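Peer 1: First residue of the sequence shown? That's 212 in the numbering used here, and the numbers climb one at a time after it. The following block contains the structure, expressed as structure tokens.
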Amino acid sequence: MKKIAIIGAGIAGITTAYSLAKRGYPVTVIDSRRYPAMATSYANGGQLSASNAETWNTRKNIISGIKWMFKADAPLLFNPTPNVQKYKWMLGFLAETLRGTHKDNTLHTIELAKRARDIYFKIADEENIEFSLLKKGILRFYDSKKEFGEDVAKKSWIEQPGMEWDVLTPDEVVSLEPALRTANAKNKIVGGVYTKSDASGDIHRFCMNLEKVLESKYGVEILTNTSVNDISLEKEKIILKCGEANNFENKEFDNVVICAGVNTQEFANKLGDAMNVYPVKGYSVTIDLKDDESKLGAPMVSLIDQPVKIVASRLDDKFRVAGTAELAGINTDIRQDRIRPLLKWVKEFFPEVSTETYTPWAGLRPMTSNMMPLTHESKMPGVFYHTGHGHLGWTLSAATAEIVAEKILSKG
Ligand SMILES: Cc1cc2nc3c(=O)[nH]c(=O)nc-3n(C[C@H](O)[C@H](O)[C@H](O)COP(=O)(O)OP(=O)(O)OC[C@H]3O[C@@H](n4cnc5c(N)ncnc54)[C@H](O)[C@@H]3O)c2cc1C
Numbered sequence: 212m213k214k215i216a217i218i219g220a221g222i223a224g225i226t227t228a229y230s231l232a233k234r235g236y237p238v239t240v241i242d243s244r245r246y247p248a249m250a251t252s253y254a255n256g257g258q259l260s261a262s263n264a265e266t267w268n269t270r271k272n273i274i275s276g277i278k279w280m281f282k283a284d285a286p287l288l289f290n291p292t293p294n295v296q297k298y299k300w301m302l303g304f305l306a307e308t309l310r311g312t313h314k315d316n317t318l319h320t321i322e323l324a325k326r327a328r329d330i331y332f333k334i335a336d337e338e339n340i341e342f343s344l345l346k347k348g349i350l351r352f353y354d355s356k357k358e359f360g361e362d363v364a365k366k367s368w369i370e371q372p373g374m375e376w377d378v379l380t381p382d383e384v385v386s387l388e389p390a391l392r393t394a395n396a397k398n399k400i401v402g403g404v405y406t407k408s409d410a411s412g413d414i415h416r417f418c419m420n421l422e423k424v425l426e427s428k429y430g431v432e433i434l435t436n437t438s439v440n441d442i443s444l445e446k447e448k449i450i451l452k453c454g455e456a457n458n459f460e461n462k463e464f465d466n467v468v469i470c471a472g473v474n475t476q477e478f479a480n481k482l483g484d485a486m487n488v489y490p491v492k493g494y495s496v497t498i499d500l501k502d503d504e505s506k507l508g509a510p511m512v513s514l515i516d517q518p519v520k521i522v523a524s525r526l527d528d529k530f531r532v533a534g535t536a537e538l539a540g541i542n543t544d545i546r547q548d549r550i551r552p553l554l555k556w557v558k559e560f561f562p563e564v565s566t567e568t569y570t571p572w573a574g575l576r577p578m579t580s581n582m583m584p585l586t587h588e589s590k591m592p593g594v595f596y597h598t599g600h601g602h603l604g605w606t607l608s609a610a611t612a613e614i615v616a617e618k619i620l621s622k623g
């Protein structure tokens with residue numbers, strides 16, 4: 212049986228390990244951090260959202276992006292410092308927009324998101340994985356009539372079984388999610404769109420708990436604190452070289468899947484593979500719902516405030532609010548001026564929720580310029596990539612992991 216290594220234990224790596232272990236392969240997962248899912252798969256928005264599968268390659272987003280460049284608390288922040296990778300990515304984004312791939316890519320992404328959702332539900336049942344899963348759908352709400360009208364118009368092409376696009380009046384929005392009943396929220400909301408088949412859950416807990424199952428039930432070897440520095444091919448074996456402080460120096464494998472998130476681009480550069488993955492930074496706050504008033508005042512349905520692109524999910528006694536996109540390279544510094552709009556949003560829509568105790572976080576979305584995930588083989592035979600899920604890594608990885616596993620299987 213072929214020996215397979217997976218570089219990276221975020222959601223892309225953990226789901227790949229599961230897909231391959233289920234097919235009977237001996238798998239080793241290697242991560243530079245002390246525990247799985249400590250990078251971008253740590254504190255994201257929590258949404259398993261076919262309804263958020265739209266790619267961003269639209270002229271409207273480019274115009275909004277240009278306007279937002281001059282606004283400090285805008286959903287998108289652009290750092291103008293020259294950087295080849297950033298400008299290459301932006302040019303790629305522009306080219307995709309001009310090619311008009313938005314609709315086709317969105318429909319393909321919805322397909323993947325629906326498939327992934329079913330796989331997550333199955334894994335949760337079969338492996339008894341607890342991850343604060345809530346099958347309560349995702350509700351978008353709007354305080355802008357213009358944005359609401361534009362999204363309602365998408366119903367004709369975007370809606371399909373498993374990806375409902377139920378258009379709601381303001382009263383229906385509030386009766387679906389009573390936490391939005393506060394006067395301030397009610398006065399602002401002009402309508403909503405609800406996708407009842409969507410879900411939410413804690414990505415970090417999912418990865419941590421599935422990792423335990425991988426080790427105990429499927430015999431997967433998990434090497435943490437182990438950074439892969441180089442990949443080479445010798446006599447049809449793939450050799451991984453790791454730093455001195457790690458658990459091993461060189462190891463031989465038949466296949467390697469690179470799931471290193473935003474670091475995957477570095478591997479592609481070394482292997483001479485064309486790739487255009489850029490780190491698009493986002494922020495979240497995780498609020499401890501300590502008192503009953505906060506618990507009652509926080510929503511249970513996962514939300515998207517469409518005009519400001521903020522997403523929110525209830526994770527048991529925590530409330531996660533996430534958003535913003537920043538083009539600033541590999542940099543996870545937490546900027547308070549990017550956290551503040553998230554806290555302000557909570558105060559505005561959920562005034563009963565105390566924000567006295569919260570944890571701020573920043574993560575880097577590994578994003579391709581057309582927003583489509585990558586599952587292809589490298590120029591180095593036997594090495595595959597599984598990355599580039601951008602704002603939808605949680606939503607899509609279980610399905611794209613299956614694609615990678617099938618590609619490896621088909622190579623014999
Ligand atoms: C603010 C925010 C909100 C988001 N909200 C959502 C959401 O609601 N729904 C959704 O679907 N998606 C969401 N996303 C996107 C999603 O979180 C990411 O797409 C996903 O977590 C990426 O997973 P990954 O496994 O590719 O990368 P990571 O989780 O970053 O994993 C990569 C792993 O590789 C390891 N690694 C890197 N280099 C090496 C090396 N040389 N050797 C060994 N190990 C290495 C790292 O340590 C890391 O553990 C959000 C992202 C952000 C930032």
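Backbone N, C-alpha and C define an ideal beta-carbon position, used for all residues, glycine too. All figures in this text were calculated on a predicted structure; none of them were measured in a lab.
Under a Cβ-count criterion, where at least 16 other Cβ atoms within 10 Å of its own Cβ denotes burial, should S443 be classed as buried or exposed?
Peer 2: S443 is exposed by the Cβ-count criterion.
Peer 1: Take every Cβ of the stretch 378 to 387, pair it with every Cβ of the stretch 327 to 344, and state whether three or more of those distances are shorter than 8 Å.
Peer 2: The stretch 378 to 387, when compared against the stretch 327 to 344, does not touch it at the 8 Å Cβ threshold.
Peer 1: On the criterion of 16 or more Cβ atoms from any shown chain inside 10 Å, does T292 qualify as buried, or is it exposed?
Peer 2: Exposed: under 16 other Cβ atoms inside 10 Å.
Peer 1: Closer than 7 Å: is that where the CB of G430 sits relative to any heavy atom of ligand 1?
Peer 2: False, no ligand heavy atom lies under 7 Å from that Cβ.
Peer 1: Return the bridge partner residues of T535 from the DSSP annotation.
Peer 2: For T535, which the question treats as bridged, DSSP gives no partner whatsoever.
Peer 1: Between which two residues does the alpha helix (DSSP H) holding Y253 run?
Peer 2: Per DSSP, Y253 belongs to no alpha helix (DSSP H) and is neither H nor E.
Peer 1: So which of A216, K213, A228 has the shortest CA-CA distance to K428?
Peer 2: If we check each option's Cα against that of K428, A228 comes out closest.
Peer 1: If I measure Cβ to Cβ from S524 and keep anything under 7 Å in the same chain, skipping five residues before and after, which residues do I get?
Peer 2: Same-chain partners within the cutoff: G256, G257, Q258, S411, S513, R531.
Peer 1: Just checking Y331 against ligand 1 - is the residue's beta carbon closer than 7 Å to any of the ligand's heavy atoms?
Peer 2: Result no, Cβ not under 7 Å from ligand 1.
Peer 1: Rank P490, T317, K529 by C-alpha distance to the C-alpha of L507 and give the top, closest one.
Peer 2: With distances taken between Cα atoms, L507 lies closest to K529.
Peer 1: In the DSSP output, what is M578 paired with across the bridge?
Peer 2: Beta-bridge pairing links M578 to Y489, H600.
Peer 1: If we ignore side chains and look at the alpha-carbon of each, how far apart do P510 and F561 end up?
Peer 2: In a straight line, the C-alpha of P510 is about 8 Å away from that of F561.
Peer 1: By the 10 Å Cβ neighbour count, where 16 or more other Cβ atoms means buried, how is G493 classified, buried or exposed?
Peer 2: It is buried - the Cβ of G493 has at least 16 other Cβ atoms within 10 Å.
Peer 1: Per DSSP, what kind of secondary structure is G472 in: helix, strand or coil?
Peer 2: Looking at G472 - three-state DSSP - the assignment turns out to be helix.
Peer 1: Straight-line CA distance for T308 to K297?
Peer 2: Spanning the two alpha carbons is a distance of roughly 17 Å.
Peer 1: Tell me which residue opens and which closes the beta strand (DSSP E) that T239 is part of.
Peer 2: Counting along the chain, the beta strand (DSSP E) containing T239 begins and ends at 238 to 241.
Peer 1: Note down, in chain order, each residue of its chain lying with its Cβ closer than 7 Å to the Cβ of R270, except the 5 sequence neighbours on either side.
Peer 2: These residues qualify, in order along the chain: T308.
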